[in-house]
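Below is one structure; the comments refer to it alone.
There are 2 protein chains.
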Amino acid sequence: MALAHKQLDFESVPVRVSDKAAIAFSGQDKVPILKDGDHMVFDSWKIADYLESAYPDRPSLFGCAAGHGLARFVNAVVDRQMIPKLAPLLMRDVLDIVDDADAAHLRNGIEKAFRKTLEDLASQRDSGIVEFRRMLDPVRATLRTQPFLSGAQAAYGDYILFSLFQWARIVSAVQVLEPDDAIAAWRERMLDLFDGFARREQSRLEAVEAAS
Amino acid sequence: MALAHKQLDFESVPVRVSDKAAIAFSGQDKVPILKDGDHMVFDSWKIADYLESAYPDRPSLFGCAAGHGLARFVNAVVDRQMIPKLAPLLMRDVLDIVDDADAAHLRNGIEKAFRKTLEDLASQRDSGIVEFRRMLDPVRATLRTQPFLSGAQAAYGDYILFSLFQWARIVSAVQVLEPDDAIAAWRERMLDLFDGFARREQSRLEAVEAAS
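Chain order of the listed sequences is A and B.
Taking the working numbering, I'd label the letters of the first sequence as residues 188 to 399.
Taking the working numbering, I'd label the letters of the second sequence as residues 188 to 399.
Written out as structure tokens, the structure reads:
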């Protein structure tokens, strides 16, 4: 989304989460990795910072210093509160769409971190999703007064939060948001951006419906 | 803080929370109220918006459209999650520093909202403050990487959050933050702003120490 916002052409190379050899060239073991000519950057936030400074003439991801500062707070809320709440609930579903090596890798990582089986975590899904929705209350209140978290136009703060919903949309058919939620309407607007860039990635619900 | 940020001279008129007659001139019953010549604005957020548009040549409270949008999210987080968590825990202390009419008004309002006595609410203070500190985790992470929520300089997003700490500081001697918390260091920076503008208001701890 940050690359699309910056109107930059790019090639996207998916890698298996268990395939550390595929990203060994980067000298570290996490995605996303941005390779821009000879320059390499890891970590979504650092990539956004890099794009902003390397391409100052393209549409800004942050708008200004205060926009940058507060986007970092949004980043921390999503990373430290929202992802840890939602991701474990949906992780069991990921196993159905990845190969055996990735499934074992993911199961091992998550079960170690939470000291629960993925099945136990998924069994708390209904109550967990209600808690997740409650956690989103300030997002909901904000989106009742303006179309995007960043105001009238989407910017990096929106992409940070959207990435969680896009992940959820792709890996699980579970209804994370109720249809009449103001956040669901925002998610549709995010899916519409850049000529439906994010919508082109098939959702799990679409995949399930296509298969049945 | 917003007025000081805008470098505007102003006169501040405190009113008792139970004294609705004192603000009847405004045609509504809540503070803060800004009276600027013939113009009247209520609600902190609307006051900030008004100041920003009425005094565009003064230092900006938001920086840009994205800064404004994300500040509204910070506003919602503070209003809807942080204040409801912290305020009930400290409300019992407020009774010691207000007159009888205000004490009765506050007790009645809070006890109705929470269906608990102020004493019951205060009895959960220790565990409640631990939960409040945990809720602040994304703020803490942000302030480990930059001096203010809004980046290198304080702006309205900082003032929103600071208002809760300033209130706590004035009404209660309870230690809301641990001394080595990155947020405590930020609070000191906020107290330093505008030649110690906020620090000039005596804290409850200072008042208790002066009396003993």
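Every residue gets a Cβ at the ideal spot worked out from N, C-alpha and C, and that includes glycine.
- Out of B:Y343, B:L308 and B:R203, the CA that lies nearest to the CA of E239 (chain B) is found in B:Y343.
- DSSP places L221 (chain B) in no alpha helix (DSSP H) but in the uninterrupted beta strand (DSSP E) bounded by I220 to D223.
- Within the same chain, V202, D216, V218 and I220 come within 7 Å of I210 (chain A) by CB-CB distance, once the 5 residues on both sides are set aside.
- Following the DSSP letters along the chain, one finds M377 (chain B) inside the alpha helix (DSSP H) bounded by residues A369 to G383.
- The Cβ atoms of A253 (chain B) and G338 (chain A) lie closer than 9 Å to each other.
- The Cβ atoms of A355 (chain A) and L273 (chain A) sit closer than 9 Å to each other.
- For S337 (chain B), a Cβ of chain A is located within less than 9 Å of the residue's own Cβ.
- Using a C-beta cut-off of 8 Å, the segment 283 to 290 of chain B makes no contact with the segment 224 to 232 of chain A, since fewer than three inter-stretch Cβ pairs fall below that distance.
- Within the segment 258 to 279 of chain B, the residues whose Cβ lies closer than 9 Å to some Cβ of chain A are A258, R259, F260, V261, N262, A263, V264, V265, D266, R267 and Q268, listed in chain order.
- Identification of chain A residues near P325 (chain B) by a Cβ-Cβ cut-off of 9 Å yields F260, V261, N262, A263, V264, V265, D266, R267 and Q268, ordered along the chain.
- Taking the C-beta atoms as reference points, T329 (chain A) is found no nearer than 9 Å to G250 (chain B).
- Setting aside the 5 residues that flank it on each side, V358 (chain A) is surrounded in the same chain by L277, D280, V281, I284 and R391, each with a C-beta closer than 7 Å to its C-beta; the list follows chain order.
- The beta carbon of A309 (chain A) lies closer than 7 Å to those of L276 and R279 in the same chain, with the five residues before and after it left out.
- Under the 10 Å beta carbon count, F197 (chain A) is surrounded by fewer than 16 other beta carbons and is classified as exposed.
- For V228 (chain B), the enclosing beta strand (DSSP E) starts and ends at H226 to F229.
- Looking at the DSSP output, F335 (chain B) shares a beta bridge with B:G338.
- Distance between L351 (chain A) and D266 (chain A), taken at the CA atoms: about 9 Å.
- Shown here for V261 (chain B): same chain residues with a beta carbon closer than 6 Å to its own, the five before and five after excluded, namely G344 and I347 in chain order.
- A253 (chain B) has a beta carbon lying within less than 9 Å of a beta carbon in chain A.
- The three-state secondary structure of G214 (chain B), taken from DSSP, is coil.
- For a Cβ distance threshold of 9 Å, residue set A252, A253 and G256 of chain A lies close to Q340 (chain B), ordered along the chain.
- Against G344 (chain A), the close residues of chain B are A253, G256, L257 and F260, in the order they occur along the chain (beta-carbon pairs closer than 8 Å).
- For A328 (chain B), the nearest beta carbon of chain A is closer than 9 Å to its own beta carbon.
- Listed along chain B, no residue sits closer than 9 Å to Q215 (chain A) by beta-carbon distance, the nearest being about 19 Å off.
- In the DSSP assignment, G344 (chain B) falls within the alpha helix (DSSP H) that extends over Y343 to V358.
- If you check the CB distance, K193 (chain A) and R259 (chain A) do not come in under 9 Å.
- Taking C-beta atoms as the reference points, F349 (chain B) and M188 (chain B) count as a pair closer than 9 Å.
- Residues are counted here when their Cβ sits less than 9 Å from a Cβ of chain B; for the segment 287 to 314 of chain A the count is zero.
- Flagged as an interface residue toward chain A: F249 (chain B), by a C-beta distance shorter than 9 Å.
- For Q333 (chain A), the C-beta contacts it makes with chain B under 8 Å involve G256 and R259, in order along the chain.
- In the three-state scheme derived from DSSP, where H, G and I count as helix and E and B as strand, T329 (chain A) is classed as helix.
- Around the CB of R302 (chain B), fewer than 16 other CB atoms lie within 10 Å, so the residue is classed as exposed.
- Listed in chain order, the alpha helix (DSSP H) elements of length 4 or more contained wholly in the segment 252 to 322 of chain A are 252 to 264, 270 to 281, 287 to 301, 305 to 310 and 312 to 322.
- Closest in C-alpha terms to A360 (chain A), from the list A:V200, A:D206, A:A397 and A:I270, comes A:A397.
- For R391 (chain A), the enclosing alpha helix (DSSP H) covers residues R391 to A398.
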